[in-house]
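**Q** Chains A and B are the protein sequences, given in the same order.
If you count the first sequence from 1, you need to add 13 to reach the working numbering.
If you count the second sequence from 1, you need to add 7 to reach the working numbering.
By construction, the Cβ of each residue, glycine as well, lies at the ideal position given by its N, Cα and C atoms.
These figures come from a predicted structure and were not determined experimentally.
Mind having a look at this structure? Questions to follow.
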Amino acid sequence: MIFETVIGVEVHAQLRTNSKMFCGCGTTFGMPANSLTCPVCLGLPGSLPVINRTAVEMAVRAGLALNCRIAANNRFARKNYFYPDLPKGYQISQYESPICQHGWIEIRDGGGTKRIRIRRAHLEEDAGKNVHETGTSGSRVDLNRAGTPLLEIVTEPDMQSADEVVAYLKGLRDILMYLDVCDGNMEEGSFRCEPNLSLRPSGQQEFGTKVELKNINSFKYVKDAVDYEIKRQTRVLNEGGKIRQETRLWNIERGETAVMRSKEEAHDYRYFPDPDLVPLRLDEEWIEGFRASQPELPTVRTKRFVSDYGLPEYDATILTTSKGMADYFESSVKLFNHPKAVSNWVMGELTRELNNSGTDISASPVTPERLVSIMRMVDKGTISLKVAREIFPELYSSGKTPEQIVQEKGLTQVSDEGALAKVIEEVLSKNPGQVAQFKEGKQQVLGFLVGQVMKASGGKANPGKVNELLKKKLG
Amino acid sequence: MSLHKLTLLELQKQFKAGEVTATEIVRAYFLRISHVEPKVKAFVTQVKESAFMEADVLDRKLREWRKTKPLTGMPLAIKDNICTDGVHTTCSSRMLQNFVPPYDATVIAKLRAQEYILLGKTNLDEFAMGSSTENSAFGPSRNPWNLHCVPGGSSGGSAAAVAAEECVAALGSDTGGSIRQPAAFCGVVGLKPTYGRVSRYGLVAFASSLDQIGPITRDVSDAAFLLQAIAGHDALDSTSIDRSVPDYMKALQKRDLKGLKIGVPVEFFTEGLDPEVEQAVRAAIEELKNLGADIKEIRLPRTDAAVAVYYVIATAEASSNLARFDGVKFGFRAKETKDLLELYMKTRQEGFGPEVKRRIMLGTYVLSAGYYEAYYGKAQAVRTLVCQDFDAAFSEVDLIVTPATPTPAFKLGEKSEDPLQMYLSDIFTISVNLAGLPAIALPCGFSKEGLPIGLQLIGRAFEEETMLRAAHAYEQSTQWHLKKPMIR
Chain A
14 MIFETVIGVE VHAQLRTNSK MFCGCGTTFG MPANSLTCPV CLGLPGSLPV INRTAVEMAV
74 RAGLALNCRI AANNRFARKN YFYPDLPKGY QISQYESPIC QHGWIEIRDG GGTKRIRIRR
134 AHLEEDAGKN VHETGTSGSR VDLNRAGTPL LEIVTEPDMQ SADEVVAYLK GLRDILMYLD
194 VCDGNMEEGS FRCEPNLSLR PSGQQEFGTK VELKNINSFK YVKDAVDYEI KRQTRVLNEG
254 GKIRQETRLW NIERGETAVM RSKEEAHDYR YFPDPDLVPL RLDEEWIEGF RASQPELPTV
314 RTKRFVSDYG LPEYDATILT TSKGMADYFE SSVKLFNHPK AVSNWVMGEL TRELNNSGTD
374 ISASPVTPER LVSIMRMVDK GTISLKVARE IFPELYSSGK TPEQIVQEKG LTQVSDEGAL
434 AKVIEEVLSK NPGQVAQFKE GKQQVLGFLV GQVMKASGGK ANPGKVNELL KKKLG
Chain B
8 MSLHKLTLLE LQKQFKAGEV TATEIVRAYF LRISHVEPKV KAFVTQVKES AFMEADVLDR
68 KLREWRKTKP LTGMPLAIKD NICTDGVHTT CSSRMLQNFV PPYDATVIAK LRAQEYILLG
128 KTNLDEFAMG SSTENSAFGP SRNPWNLHCV PGGSSGGSAA AVAAEECVAA LGSDTGGSIR
188 QPAAFCGVVG LKPTYGRVSR YGLVAFASSL DQIGPITRDV SDAAFLLQAI AGHDALDSTS
248 IDRSVPDYMK ALQKRDLKGL KIGVPVEFFT EGLDPEVEQA VRAAIEELKN LGADIKEIRL
308 PRTDAAVAVY YVIATAEASS NLARFDGVKF GFRAKETKDL LELYMKTRQE GFGPEVKRRI
368 MLGTYVLSAG YYEAYYGKAQ AVRTLVCQDF DAAFSEVDLI VTPATPTPAF KLGEKSEDPL
428 QMYLSDIFTI SVNLAGLPAI ALPCGFSKEG LPIGLQLIGR AFEEETMLRA AHAYEQSTQW
488 HLKKPMIR
């Protein structure tokens, strides 16, 4: 039978606030266990939560970027369940009135675009972490993360394939990172995704039984896990079996999903409005202020890069993946109006060095000014493009100017006809066979001879000039 | 005259005049405690050593600086569900028997800033759930007027300690009458402020939308004075209200009640009301009239629904508030459990007493899928109606007067086997919490058996002043608050 896949996605995005959702504790990742805690996030008896204004602000800004309606009246609710990493025995979340509703984002779908609807996005606090150390008895609980603000973003079941899920997640992550409300780090868990997936016979209206996937911390695993699950469910259904409603964990080593809990074990969370927090009213003007100051979002910027700078769509897409990179590109172009050349440098040499050193582009030691100065040297013929590329790693790591490096290494390009004629003379005398071949009409040999001259000059010769002189000489 | 007989304001006056030192005060109180505490059992924890140390520091400071704060040297007792940094806070539960909070509740921080002296932590019904202190894991407190009777609850330890002169004043907490009912039973003054008037930060939550901390004192002036010390907005409690605190002492200056309209709700004077209580309260109403008040009959038609609504909402909130007591991070943990589920179950089985378990189960039930609307949803809707009753009444009158309790203090064990009977002893106080209003209980007579009878005055939200003014005028025109128990 032919099946149609139906996928919805839940994302937990950690908001980049300095302090936690309901107390003043810090949110830095990787601190000593339980060092970022206080009576509130430890859930000590008598402690009370206070809403973090910045977290609400970030949720509103994200909601606007996701084309959501922002709720004027917000209520926080308690989600009750027992787990050691949940200090109060309930999580403060939003239930009946999420802060953002009815939004959408556009993803690329083949040649065109497709709209993925966002059902809701709500604020909640994160839980801590249970730590199971090998060689020790029992488990430990680290509550540093407990109380960190999260925005849970839930789509409608609008996706049909692993590629669409990945495209959605990338698009969403780009937006959140653009807004600087989430650092998007999937490995550290600041951007966690849980696809839910069901199959139904093609043409059927009714949804099939849904399976939720967890433990997916990279885009590659998203694709692998969704593809695996589609295959698994197809096989089960084709063999006449039934899909059970359950949560399955992605096992990285085995490359398969396995049951974590079934629906029978599902909790009754007994949601009810948190009486410790009064209803939160958002002022219409306050919301509109954020709408007015919203930054240009990735998809819009991509289109503009194509139309304004004449960049290929591919370049424009890559450059606008992060706000930092797009900003870097635009500052560089302002200084040196050769968009495609700048794009090549940013996507090529610069990105390679940034990746190698694990540096964010905003902290790049090669500033747009530096990058442009090396490009100008190539443009003026002071150095060859080849040399420029070769010295880029040094430019990146040494902190010297390109002029300093070129001078120190004596890499200035040789265009002087007298100096070049001497080298050409030498090369021609060493390669009489090739000279003869050229004279017989074998034009390709010219390339070989140019190469020999370049080599003999230590790469410093101006290849255009060499070409010109060789032709004259042999002509 | 023995120091322990003085009211807070009298003691403060002597202290300020240099007639008595903080150390002498503390010595006098611990002497008193050593005499009566074995009978009354008001305290869970006494902090004699630190009290003497604090007194010594204050005395030295005073010799040098000659400057006092409103509560300098005043010896208070605090209900044991209010967190005190470094001092056990047990909630009279096995669950928190060894719990020492690393922080002060906001009210404690305020008292500390005003240089009070903590004498100890007082007994309560476990997690403030009860009306007699019989639900304490450490045994009941006794009513100083009759040691066979309960002091009321849940702030029974605080009320008994004040009545037995084991402290000059105390703090309690009131969720459904837990300050006013024991104050009435023990013949002292108990004030529940408007919801949001006093910070709840550091009060171990029973029912967050109802809980409020308040003073239990010898007389109305002391109550006004202590309320002044603890009232005000707190950034750490989102439900506290940012509204200036009036001068409560000033409100007491007016001695007559001319121009004041006081309502008498007919629903409070029906069957179940003890005739002696009715008689005393009617006489008190007559006295209010003599003082110039305009007495008016009013209706609060949803009064009969209040107890039911209360036991749905309070238990729902409690079931969630008490989830943190799971044996993982603090407090009691059951031994030798084989897995996580057993750790949770055994810890909670062994750590909580029967009434707490009963309420957690009830609360869990009313919030569960399929029952939420029928119970919790409905209760919230009726709560709104109860509030509307009060709104309507307060459009006609400035204050409402009622009995504080249907009967005087009952005997130990008399109701402990019948939770419903026990719940009904709060019938006159509960609706006030549902509406978030301020109310005060004060003595208005004695039964033939010599047990105190309490009058309740209910005010408009944030109009504690009017309530205090009437209570004070009534108190000054009667002698009830001057009568002291013979503890035997």
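Give the secondary structure of phenylalanine 397 of chain B by DSSP, where H, G and I count as helix, E and B as strand, and everything else as coil.
**A** One-based indexing of the second sequence puts residue 397 of chain B at position 390. The answer is helix: DSSP assigns phenylalanine 397 of chain B an H, G or I state.
**Q** Show which residues of chain A have a CB atom less than 7 Å away from the CB atom of leucine 243 of chain B.
**A** Taking the second sequence and counting its residues from 1, the one referred to as residue 243 of chain B is at position 236. Within 7 Å Cβ-Cβ: Leu61 and Val63.
**Q** If you reduce the DSSP assignment to three classes, tell me which class alanine 134 of chain A lands in.
**A** Here residue 134 of chain A corresponds to residue number 121 of the first sequence, with the count starting at 1. Three-state DSSP puts alanine 134 of chain A in a strand.
**Q** Please list, in chain order, all residues of the same chain as serine 423 of chain B whose beta carbon is under 6 Å from its beta carbon, the five residues on each side excluded.
**A** Reading the second sequence from its first residue, position 416 is the one you call residue 423 of chain B. Excluding positions up to five away in sequence, the list reads Glu141.
**Q** Measure the alpha-carbon distance for arginine 304 of chain A versus glutamate 421 of chain A and round it to whole angstroms.
**A** As a first step, residue 304 of chain A must be located in the first sequence, where it is residue number 291. As a first step, residue 421 of chain A must be located in the first sequence, where it is residue number 408. Distance between the alpha carbons of arginine 304 of chain A and glutamate 421 of chain A is about 52 Å.
**Q** In the DSSP output, which residue or residues are listed as bridge partners for glutamine 465 of chain A?
**A** The count along the first sequence starts at 1 and reaches residue 465 of chain A at position 452. DSSP output for glutamine 465 of chain A lists no bridge partner at all.
**Q** Identify each residue in the segment 96-111 of chain A for which the Cβ-Cβ distance to at least one residue of chain B is less than 8 Å, and report them in chain order.
**A** So the close ones are Pro97, Pro100, Lys101, Gly102 and Tyr103.
**Q** Quick check on the DSSP output: what are the complete beta strand (DSSP E) runs of length 3 or more inside the segment 87-149 of chain A, in order along the chain?
**A** Here the runs fully enclosed are 90-93, 103-106, 113-122, 125-138 and 142-144.
**Q** With a threshold of 8 Å between beta carbons, is glycine 292 of chain A in contact with chain B?
**A** As a first step, residue 292 of chain A must be located in the first sequence, where it is residue number 279. In the sequence as displayed, the identity of residue 292 of chain A is proline instead of glycine. Output row for proline 292 of chain A: interface = no.
**Q** By the 7 Å beta-carbon criterion, what residues does the segment 401-433 of chain A contribute toward chain B?
**A** Residues passing the 7 Å Cβ filter: none.
**Q** Should lysine 101 of chain A be labelled buried (16 or more other beta-carbon atoms within 10 Å of its own) or exposed?
**A** Counting from one through the first sequence, the residue named residue 101 of chain A turns up at place 88. Classification for lysine 101 of chain A: buried.
**Q** Once you ignore the five residues that flank glutamine 19 of chain B on each side, which residues in its own chain have a CB closer than 7 Å to its CB?
**A** In the second sequence, the residue the question calls residue 19 of chain B occupies position 12. Within the same chain, glutamine 19 of chain B has close Cβ partners Met81.
**Q** Any residues in the segment 185-213 of chain B with a beta carbon nearer than 8 Å to a beta carbon of chain A? Which ones, in chain order?
**A** The segment 185-213 of chain B vs chain A, Cβ under 8 Å: Arg207, Tyr208, Gly209, Leu210, Val211 and Ala212.
**Q** Quick one: does serine 100 of chain B have its CB under 8 Å from some CB of chain A?
**A** Locating residue 100 of chain B in the second sequence gives position 93, where the first residue counts as 1. Closer than 8 Å: no.
**Q** When you compare the segment 64-75 of chain A with the segment 157-165 of chain A, are there three or more beta-carbon pairs, one atom per stretch, that lie closer than 8 Å?
**A** Yes, since at least three Cβ pairs between the segment 64-75 of chain A and the segment 157-165 of chain A fall closer than 8 Å, the two stretches touch.
**Q** If the cut-off is 9 Å on Cβ atoms, which residues from the segment 66-96 of chain B count as contacting chain A, listed in chain order?
**A** Under the 9 Å Cβ criterion, the segment 66-96 of chain B contributes Asn88, Ile89, Cys90 and Thr96.
**Q** Would you kindly work out how many angstroms separate the C-alpha atoms of phenylalanine 42 of chain A and glycine 197 of chain A, rounded to a whole number?
**A** Position 29 of the first sequence, counted from the start, is the residue given in the question as residue 42 of chain A. Position 184 of the first sequence, counted from the start, is the residue given in the question as residue 197 of chain A. Looking at the two C-alpha atoms, the distance is approximately 13 Å.
**Q** If you reduce the DSSP assignment to three classes, tell me which class alanine 180 of chain A lands in.
**A** Here residue 180 of chain A is taken as the residue at index 167 of the first sequence, counted from 1. Note: alanine 180 of chain A maps to helix in three-state DSSP.
**Q** Apart from the five residues on each side of it in sequence, which residues of its chain come closer than 7 Å, Cβ to Cβ, to alanine 480 of chain B?
**A** Walking along the second sequence from the start, residue 480 of chain B turns up at place 473. Cβ neighbours of alanine 480 of chain B beyond the five flanking positions: Arg262, Asp263, Leu264 and Leu298.
**Q** Which of the residues in the segment 351-382 of chain B, read from start to end, lie with their CB under 8 Å from any CB of chain A?
**A** Flagged, chain order: Tyr351, Thr371, Leu374, Ser375, Ala376 and Tyr379.
**Q** Bridge partners for aspartate 155 of chain A per DSSP, in chain order?
**A** Along the first sequence, read from residue 1 onward, the residue named residue 155 of chain A stands at position 142. Aspartate 155 of chain A pairs with A:Lys142.
**Q** Given glycine 184 of chain B, which residues of its chain have a CB within under 7 Å of its CB, disregarding the five upstream and five downstream residues?
**A** Numbered from 1 along the second sequence, position 177 holds the residue referred to as residue 184 of chain B. Contacts found: Asp433, Thr436 and Ile437.
**Q** Would you mind telling me which residues of chain B sit closer than 7 Å to threonine 288 of chain A, beta carbon to beta carbon, in chain order?
**A** The residue you call residue 288 of chain A lines up with position 275 of the first sequence. It should be noted that the sequence gives proline, not threonine, for residue 288 of chain A. What proline 288 of chain A touches in chain B: Ser215, Ser216 and Glu324.
**Q** Please report how far the alpha carbon of phenylalanine 50 of chain B lies from the alpha carbon of isoleucine 40 of chain B, in whole angstroms.
**A** To locate residue 50 of chain B, count along the second sequence from 1; it is residue 43. To locate residue 40 of chain B, count along the second sequence from 1; it is residue 33. Whole-angstrom Cα-Cα distance: 9 Å.
**Q** Under the three-state reduction of DSSP, which class applies to tryptophan 263 of chain A: helix, strand or coil?
**A** Indexing the first sequence from 1 puts residue 263 of chain A at position 250. In the structure shown, tryptophan 263 of chain A sits in a strand (DSSP, three-state: E or B).
**Q** Please list, in chain order, the chain A residues whose beta carbon lies closer than 8 Å to that of alanine 330 of chain B.
**A** Within the second sequence, residue 330 of chain B is the residue found at index 323, counting from 1. Simply Asn93, Phe95, Lys101, Gly102 and Tyr103.
**Q** Are the C-beta of phenylalanine 337 of chain B and some C-beta of chain A separated by less than 8 Å?
**A** Counted from its first residue, the second sequence places residue 337 of chain B at position 330. So, interface residue.
**Q** Quick check on phenylalanine 417 of chain B: buried or exposed, where buried means 16 or more other Cβ atoms within 10 Å of its Cβ?
**A** Counting from one through the second sequence, the residue named residue 417 of chain B turns up at place 410. Counting Cβ neighbours within 10 Å, phenylalanine 417 of chain B comes out buried, since at least 16 surround it.
**Q** Can you list, in chain order, the residues of its chain whose CB lies under 8 Å from that of glutamine 107 of chain A, leaving out five sequence neighbours each side?
**A** Along the first sequence, read from residue 1 onward, the residue named residue 107 of chain A stands at position 94. Answer for glutamine 107 of chain A: Asn87, Arg88, Phe89, Ala90, His135, Leu136 and Glu137, listed in chain order.
**Q** Going by Cα to Cα distance, which pick from A:Phe204, A:Val194 and A:Glu177 is closest to leucine 210 of chain A?
**A** Translated into positions along the first sequence, residue 210 of chain A becomes position 197. Comparing Cα positions, the closest option is A:Glu177.
**Q** Does any CB atom of chain B fall closer than 8 Å to the CB of leucine 310 of chain A?
**A** The residue labelled residue 310 of chain A in the question sits at position 297 within the first sequence. Not one chain B Cβ lies under 8 Å of leucine 310 of chain A.
**Q** Buried or exposed for proline 445 of chain A, going by 16 or more other Cβ atoms inside 10 Å?
**A** Residue mapping note: residue 445 of chain A aligns to position 432 of the first sequence, counting from 1. By the neighbour-count rule (16 or more Cβ atoms within 10 Å), proline 445 of chain A is not buried but exposed.
**Q** What does aspartate 281 of chain A touch in chain B if you count any residue whose Cβ is under 7 Å from its own?
**A** Against the first sequence, residue 281 of chain A aligns to sequence position 268. Those within 7 Å of aspartate 281 of chain A in chain B are Ser375 and Ala376.
**Q** Step through the CB atoms of chain B and report whether any lies within less than 8 Å of the CB of leucine 55 of chain A.
**A** Sequence index remark: in the first sequence, residue 55 of chain A carries index 42 (1-based). Interface residue, yes.
**Q** Which chain A residues sit within Cβ distance under 8 Å of tyrosine 317 of chain B?
**A** Position 310 of the second sequence, counted from the first residue, corresponds to residue 317 of chain B. Chain A residues near tyrosine 317 of chain B: none, gap ~14 Å exceeds 8 Å.
**Q** Exposed or buried, what is methionine 429 of chain B when buried is set at 16 or more other beta-carbons lying within 10 Å of its beta-carbon?
**A** In the second sequence, counting from the first residue as 1, residue 429 of chain B sits at position 422. Buried: at least 16 other Cβ atoms inside 10 Å.
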